[in-house]
Amino acid sequence: WLRAIGLRPVPLGLDLRGGVHFLFEVDVSTAVKQRLDSYAADFNKLLRENRIRRSISVTGNELLIRLPDAADADRAEALLKDADPDLGIERRSSGESVMLVAQMTPAQIKARQDFAIQQNTTTLRNRVNELGVAEPVVQRQGVDRIVVQLPGVQDPAQAERVLGATATLEFRLVCADENPLEAERTGRAPLGCELFKLRDGGPVLLKRRTIVTGDQLVDASQGFDQGQAAVYVRLDSKGARSMLETTRENLKKPMAVVFVEQKRDTVERDGKKIEVPRVEREVINVATINGVFSSNFQITGLDTFEARDLALLLRAGALAAPVYKIEERTIGPSLGQDNIDRGVQAFIYGFLFVGVFMMVYYRAFGLIANIGLLVNVVLIVGLLSLLQAALTLPGIAGIVLTIGMAVDANVLINERIREEVRNGSTPQAAISAGYDKVFSTIADANITTLIAGIVLFAFGSGPIKGFAVVLCLGIMTSMFTALTVTRAVVNFVYGGRKVERLSV
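Structure below.
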């Protein structure tokens with residue numbers, strides 16, 4: 480019947496339900512380098528179209544454009560500034576040639592890093608959704624880290640493989656007129672070509688120019704073609720236009736599909752172990768272009784599991800920058816249930832001890848305070864259900880703490896009522912003064928605690944956030960129950976009739 484009126488169970492956090500916790504670090508420096516590489520490709524095309532001789536390279540955070548003819552410097556600089564007015568361009572002389580040095584401004588670097596983290600957070604959330612995990616947590620933590628919590632998942636290896644994978648695809652034309660065996664023997668690829676390995680280990684020469692990259696794929700699904708695993712892909716408008724032009728101009732020529740994956744190796748330098756990024760490229764398919772196509776086609780050359788994972792990754796979107804796992808925790812279901820049992824025990828014992836103390840010390844008013852405590856707990860659980868905020872073990876600790884904080888307000892009220900009675904006030908006047916004169920004190924104490932809770936939520940990680948949410952909700956509900964609910968009960972019991980003495 481609770482579901483019938485729109486209520487839902489409070490979702491349990493990872494420490495209560497069991498599952499996997501990952502902490503990923505985003506390689507923001509690679510995101511900046513990728514942007515510089517993109518600038519290099521765009522500027523190279525721009526200068527080529529304007530018949531300006533040049534050589535372009537990326538060194539650190541600088542884009543170096545060498546112009547053999549100094550007479551082209553003014554025109555080239557104007558073209559680059561028109562292409563991106565925000566990019567800083569500096570001119571340096573180098574003998575008879577001129578060097579244009581383009582640098583991203585600090586604001587551009589910061590924007591690129593923030594974009595990479597935001598894009599990666601969205602991509603990881605999409606990948607988690609593809610895994611079918613219920614009530615996951617994917618959120619940014621700090622400057623360059625992302626927390627992923629997968630409740631109920633007990634296979635961390637499979638989850639990590641999908642979440643941290645940087646697999647994508649590239650489509651390139653084959654250098655059909657060149658000898659790949661000779662290039663492999665000499666270690667030198669012909670001009671405009673690059674040496675790759677096929678799945679069987681054989682060499683193949685591909686054009687350096689990439690026709691379509693993985694970030695231009697908008698949809699992918701796994702299927703079968705003549706009993707062989709296949710991935711059906713769909714390109715965006717830019718990728719479709721590039722594929723259409725390429726296939727139209729290169730009929731009956733071979734085209735390759737390259738599987739690209741970024742990995743990280745651990746090496747030892749100067750007695751310290753460091754991680755070095757590495758890019759693996761493998762040609763999974765070489766086929767002859769037999770017809771003109773643009774946005775929709777299929778890819779073969781993968782086994783069933785590879786096709787499934789690749790379709791998932793392409794569908795979820797590419798990572799804007801590599802992510803590396805720096806922390807992993809797995810919590811089993813039995814440990815989660817044990818945490819629930821202990822948390823419930825702590826709550827029951829805390830509630831009983833506080834309740835007994837209040838009834839012994841304040842008698843009838845202590846019983847009324849206990850009614851307010853019970854309403855307070857019900858309100859907290861109801862708000863957690865309404866907000867669908869995950870209840871964690873620190874959250875249970877927050878509820879237990881709230882019991883003590885809530886009863887503190889009733890202690891102030893009851894002591895004020897006692898003081899008014901000792902000063903000769905009538906019972907009704909003492910009750911009224913007890914609630915009215917302590918309002919500012921209770922409000923001040925709770926507001927300062929609320930500020931601390933907001934700070935914990937803003938700067939804390941997952942468990943700290945769970946505690947902060949319950950703490951903030953408990954502060955608001957405890958003020959409501961102490962000042963409103965208990966006063967309503969007191970007025971119901973003592974109002975409308977003559978009272979000689981108060982049981983307080």
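Numbered by my numbering, the letters in the sequence shown go through residues 480 to 983 in order.
The C-beta atom is built at its ideal place from N, Cα and C for all residues, glycine as well.
Predicted model only: the values in this text are computed from it and were never measured.
Burial state of residue i, where buried means 16 or more other Cβ atoms lie within 10 Å
i: Arg895; result: buried
i: Val886; result: buried
i: Arg496; result: buried
i: Pro873; result: buried
i: Glu899; result: buried
i: Ala557; result: exposed
i: Pro630; result: buried
i: Val857; result: exposed
i: Arg606; result: buried
i: Gly845; result: buried
i: Tyr828; result: exposed
i: Phe703; result: exposed
i: Asp623; result: buried
i: Gly681; result: exposed
i: Asp915; result: exposed
i: Phe893; result: Correcting the residue identity first, residue 893 is Asn in this sequence and not Phe. Buried.
i: Gln701; result: buried
i: Gly811; result: exposed
i: Gly953; result: buried
Backbone CA spacing between residue i and residue j [nearest angstrom]
i: Ile588; j: Phe594; result: 10 Å
i: Gly945; j: Val511; result: 34 Å
i: Leu674; j: Ile819; result: 57 Å
i: Ser517; j: Lys524; result: 11 Å
i: Asn925; j: Met958; result: 8 Å
i: Glu609; j: Leu791; result: 7 Å
i: Glu657; j: Asp698; result: 34 Å
i: Asp679; j: Arg570; result: 48 Å
i: Ser911; j: Thr963; result: 12 Å
i: Gly903; j: Ala909; result: 9 Å
i: Gly693; j: Thr647; result: 5 Å
i: Leu670; j: Glu649; result: 20 Å
i: Arg808; j: Val632; result: 11 Å
i: Phe942; j: Glu728; result: Here residue 942 is Pro; the residue named in the question, Phe, does not match the sequence. About 58 Å.
i: Tyr973; j: Val839; result: 20 Å
i: Arg980; j: Ile875; result: 39 Å
i: Lys977; j: Val835; result: 29 Å
i: Gln513; j: Gln582; result: 13 Å
i: Gln637; j: Val617; result: 17 Å
i: Pro635; j: Gly611; result: 14 Å
i: Phe832; j: Gly883; result: 10 Å
i: Asp782; j: Val712; result: 16 Å
i: Thr881; j: Thr509; result: 46 Å
i: Leu642; j: Ala786; result: 16 Å
Opposing strand residues paired with residue i [DSSP bridges]
i: Leu803; result: Checking the sequence shown, residue 803 turns out to be Tyr, not Leu. Partner(s): Glu504.
i: Tyr711; result: Ser700, Gln777
i: Ile535; result: Ile544
i: Glu649; result: Thr692, Val737
i: Asp744; result: Val755
i: Thr767; result: Pro733
i: Gln582; result: Glu541, Gly567
Coarse secondary structure for residue i, derived from DSSP in three states
i: Lys676; result: strand
i: Ser919; result: helix
i: Val577; result: strand
i: Ala869; result: coil
i: Arg554; result: helix
i: Ser572; result: strand
i: Pro812; result: helix
i: Ala909; result: helix
i: Gln705; result: coil
i: Ala668; result: coil
i: Gly498; result: strand
i: Leu491; result: strand
i: Leu685; result: strand
i: Leu853; result: helix
i: Glu894; result: helix
i: Gly750; result: coil
i: Pro630; result: strand
i: Gly945; result: helix
i: Val612; result: coil
i: Glu761; result: strand
i: Arg619; result: strand
i: Arg980; result: coil
i: Arg624; result: strand
Supposed contact pair residue j and residue i - C-beta distance, whole angstroms, cut 8 Å
i: Leu730; j: Ile768; result: 6 Å
i: Leu789; j: Ala735; result: Not really, about 16 Å apart at Cβ, beyond 8 Å.
i: Ser721; j: Val691; result: 6 Å
i: Pro733; j: Val653; result: 4 Å
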